[in-house]
């Protein structure tokens with residue numbers, strides 16, 4: 003049994019057309035289905051899926067990133083393997099194409115969980131990760147049309163994936179450029195295991211939204227803890243989103259449990275997401291009536 007769910011951010015606005023994103027998300031799920039059918043592990047599939055999302059330029063992550071208030075592109079990502087609880091992350095990374103690959107390298111090649119800023123960039127260089135030769139030519143600013151909150155508030159966009167492989171292993175990965183117009187050095191929930199990304203033996207979660215709120219409730223890990231305590235995945239994820247909403251925050255999350263159940267609650271206008279069920283069915287959704 004295999005399953006997967008991915009998201010392209012909970013900043014979707016009803017006045018904007020998402021046909022390109024819908025097509026692309028389906029393509030990513032189809033490509034990852036082929037890898038899962040071939041026996042690839044959840045961790046490798048999670049990495050590959052986020053790389054496709056980062057490289058598309060369609061979302062506020064990777065190539066689609068928007069700059070901070072100083073005009074710099076600071077990217078965040080994290081990845082976590084459920085069976086071992088190994089995790090890796092980078093924050094405020096500049097100059098490299100795929101922050102999720104850097105996060106995976108931190109997990110696989112260092113004794114650490116997170117590297118930030120200049121240290122993350124030096125590590126990425128030492129590992130031979132692909133640099134961005136020309137930022138002006140590389141970044142698309144795809145998220146500019148999704149600046150979805152009033153000035154001075156936390157407009158957002160992120161990508162992420164949760165995967166269950168044929169061996170019953172769960173993994174999750176998340177990547178972002180952070181909120182729009184963020185202060186230099188700002189770090190949200192995305193690169194923080196437990197806040198924006200989580201995977202254990204029970205459930206995997208990837209979050210998207212106003213990260214400051216997700217950090218304050220340990221959103222991603224809280225889902226798994228609720229599942230372990232007996233709640234269904236749907237109950238657990240909705241409870242966390244409701245808690246964030248009660249605090250004044252918005253966003254969404256995707257989650258997947260060890261039985262292949264999926265959940266994707268959000269309290270924003272829409273959340274771009276797509277999924278693969280254990281029965282092999284693929285779906286894509288942005289808005290709900």
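Numbering (the numbering used here), first residue to last: 3 to 291. Here a beta-carbon is modelled for each residue, glycine too, at the ideal position from N, C-alpha and C. What you are looking at is a predicted structure, and each value in this text was computed from that prediction instead of being measured.
Could you work out which residue in the options is closest to residue i when comparing CA atoms only?
| i | options | result |
| --- | --- | --- |
| residue 186 | 71, 228 and 17 | 71 |
| residue 290 | 275, 91 and 204 | 275 |
| residue 161 | 141, 201, 210 and 126 | 210 |
| residue 159 | 131, 33, 59 and 220 | 59 |
| residue 37 | 69, 278 and 18 | 278 |
| residue 172 | 233, 244, 179 and 44 | 44 |
| residue 166 | 123, 267 and 257 | 257 |
| residue 177 | 168, 164, 170 and 192 | 192 |
| residue 41 | 196, 199 and 3 | 3 |
| residue 237 | 218, 268, 10 and 212 | 268 |
| residue 244 | 179, 270, 232 and 132 | 270 |
| residue 30 | 82, 17 and 6 | 6 |
| residue 11 | 180, 246 and 260 | 180 |
| residue 286 | 98, 94 and 21 | 21 |
| residue 102 | 24, 131 and 86 | 131 |
Output the distance between the C-alpha atoms of residue i and residue j, rounded to the nearest integer angstrom.
| i | j | result |
| --- | --- | --- |
| residue 117 | residue 89 | 12 Å |
| residue 255 | residue 129 | 31 Å |
| residue 143 | residue 61 | 9 Å |
| residue 230 | residue 140 | 43 Å |
| residue 250 | residue 184 | 19 Å |
| residue 1 | residue 121 | Residue 1 lies beyond the range of the chain shown here (3 to 291); nothing can be said about it. |
| residue 34 | residue 214 | 31 Å |
| residue 188 | residue 194 | 13 Å |
| residue 284 | residue 32 | 8 Å |
| residue 151 | residue 27 | For residue 151, the predicted structure reports a pLDDT of 46, less than 50, and the residue's modelled location is therefore unreliable. A value from the coordinates is still provided. Straight-line Cα distance between these residues: approximately 24 Å. |
| residue 240 | residue 133 | 39 Å |
| residue 119 | residue 263 | 37 Å |
| residue 73 | residue 224 | 34 Å |
| residue 49 | residue 175 | 7 Å |
| residue 198 | residue 266 | 14 Å |
| residue 2 | residue 208 | In the structure displayed, the chain extends from 3 to 291; residue 2 sits before or after that span and is not available. |
| residue 147 | residue 68 | The predicted model places residue 147 with a pLDDT of 48, which falls under 50 and marks its position as unreliable, so this point remains unresolved. |
| residue 205 | residue 52 | 18 Å |
| residue 153 | residue 39 | Any answer about residue 153 is weak, because its pLDDT of 45 lies below 50 and its placement is not dependable; what the coordinates show is given next. Distance between the alpha carbons of residue 153 and residue 39: 45 Å. |
Starting from residue i, trace the alpha helix (DSSP H) both ways and give me its first and last residue.
| i | result |
| --- | --- |
| residue 244 | 235-248 |
| residue 2 | Since the first and last residues shown for the chain are 3 and 291, residue 2 lies out of range. |
So residue i is in the beta strand (DSSP E); what residue range does that whole segment cover?
| i | result |
| --- | --- |
| residue 81 | 77-83 |
| residue 137 | It is not in any beta strand (DSSP E) - residue 137 instead sits in the alpha helix (DSSP H) that spans 137-140. |
| residue 116 | 116-118 |
| residue 286 | 284-287 |
Considering only DSSP beta bridges, list what residue i is partnered with.
| i | result |
| --- | --- |
| residue 134 | Residue 134 is not bridged to any residue. |
| residue 259 | 205 |
| residue 295 | With the chain covering 3 to 291 only, the question about residue 295 has no answer from this structure. |
| residue 92 | 79 and 117 |
| residue 266 | Its beta-bridge partners do not exist; DSSP assigns none. |
Heavy atom of the ligand GDP less than 7 Å from the Cβ of residue i, yes or no?
| i | result |
| --- | --- |
| residue 79 | This structure simply doesn't include the ligand GDP, nor any ligand for that matter. |
Practice problem: Mind listing, in chain order, the continuous beta strand (DSSP E) runs of no fewer than 3 residues lying wholly within the region 162-242? | Solution: Complete beta strand (DSSP E) runs here, min 3: 172-178, 199-201 and 205-211.
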